[in-house]
Structure formats: structure tokens, C-alpha cells
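Trainee: I am attaching a structure below and will ask some questions about it afterwards.
Set out below in C-alpha cells:
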């Protein structure tokens with residue numbers, strides 16, 4: 011049995027599954043990647059791990075720093091899960107119209123939520139733009155980066 015040191019170490023290395031019907035129909039082996047076996051049950055966990063590792067490698071994020079992301083989906087869950095397991099605070103800016111289930115999952119994953127009105131991307135108060143401004147403000151006060 012393999013023992014991993016933290017949740018981030020569980021991301022990736024998901025198994026391939028042979029898709030029997032597709033393989034039989036095509037006459038060749040067809041495989042599917044079982045990304046649902048990642049901790050956040052999504053391929054977005056891989057992206058989250060890469061984003062965090064890249065920010066650390068570039069010196070934009072240090073141990074104890076804060077991750078800020080504007081997202082309405084699984085990327086936020088991945089960032090929250092991976093970030094928490096690596097010792098980062100995660101703040102997710104999300105449209106207030108997102109489902110309660112999504113909000114609950116983000117909180118369970120360790121994220122702090124900032125809910126903003128759902129407005130079009132061209133609006134400066136769109137959740138993506140809001141998260142950028144929030145990250146810039148936090149980066150001025152948090153020495154470990156945001």
C-alpha cells in the first residue's frame with residue numbers, strides 16, 4: 011500500500027479504463043482516463059496542482075500565502091483542496107448565482123468564499139475582475155503572496 015504525505019500527492023496518476031463497447035465497436039482498444047478518481051473528482055485537480063506549483067516556483071506564492079481565484083466551477087474546488095493540503099489559504103470569488111451545492115463543496119474543500127453579483131465579463135465587477143483586484147490588494151499586505 012502506498013502512503014501519500016498529503017492530498018496534493020494524490021492528484022494525477024489516475025488509472026486508464028478499457029472501454030469495452032467502444033473497443034469492440036472500433037476493433038481497437040479505446041481507453042478512458044479515470045480523472046474522477048482525483049481528490050476533487052475532476053481533471054481540474056491537475057490544473058490546480060500545476061497552477062500552485064508554478065506560482066511557488068516563480069516566487070509568486072510562498073508557504074502560508076493566499077490563493078485567490080475567480081471561478082464558478084471545479085477549478086476552485088481543486089485549488090481549495092490542493093491549496094489547503096499544501097498549507098495555503100484559498101479565497102474563491104464566485105457569482106452569487108452559483109448553486110448552494112457548489113458553494114458548500116468549496117467551503118468543505120477549505121475555501122473562503124466571496125460572493126459577488128453575476129454580471130457579464132465586460133462589467134468591471136464580474137467575478138474574474140473582482141478576484142484580480144482582490145489578489146492585488148492582498149498581495150500588498152501579505153508577505154507570502156496572493
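Numbering (the numbering used here), first residue to last: 11 to 156. Cβ atoms here follow ideal geometry from the backbone N, Cα and C, with glycine treated the same way.
Hey, would you say residue 33 sits closer than 9 angstroms to residue 80, going by beta carbons?
Mentor: Contact: no.
Trainee: In whole angstroms, what separates the C-alpha of residue 78 from that of residue 56?
Mentor: Residue 78 and residue 56: Cα-Cα distance of roughly 17 angstroms.
Trainee: Can you find the residues in the same chain that come closer than 7 angstroms, C-beta to C-beta, to residue 129, ignoring five residues on each side of it along the sequence?
Mentor: Once the five neighbours on either side are set aside, the close Cβ partners of residue 129 are 135 and 136.
Trainee: If we require 3 or more residues per run, which beta strand (DSSP E) segments fall completely within the region 77-133?
Mentor: If we require 3 residues or more, the beta strand (DSSP E) runs fully inside the region 77-133 come out as 99-105 and 122-126.
Trainee: Of the residues 73, 25 and 47, which one's Cα is nearest the Cα of residue 41?
Mentor: For residue 41, the nearest C-alpha among the options comes from 25.
Trainee: Under 6 angstroms Cβ to Cβ from residue 84, same chain only, skipping five residues before and after it: list those, please.
Mentor: Excluding sequence neighbours, residue 84 sits near 52 and 54.
Trainee: What does the alpha-carbon distance come out to for the pair residue 150 and residue 98?
Mentor: Between residue 150 and residue 98, the C-alpha separation is close to 17 angstroms.
Trainee: Apply the 10 Å Cβ neighbour rule to residue 145 and answer buried if 16 or more other Cβ atoms are within range, or exposed otherwise.
Mentor: Answer is buried; the Cβ neighbour count reaches 16.
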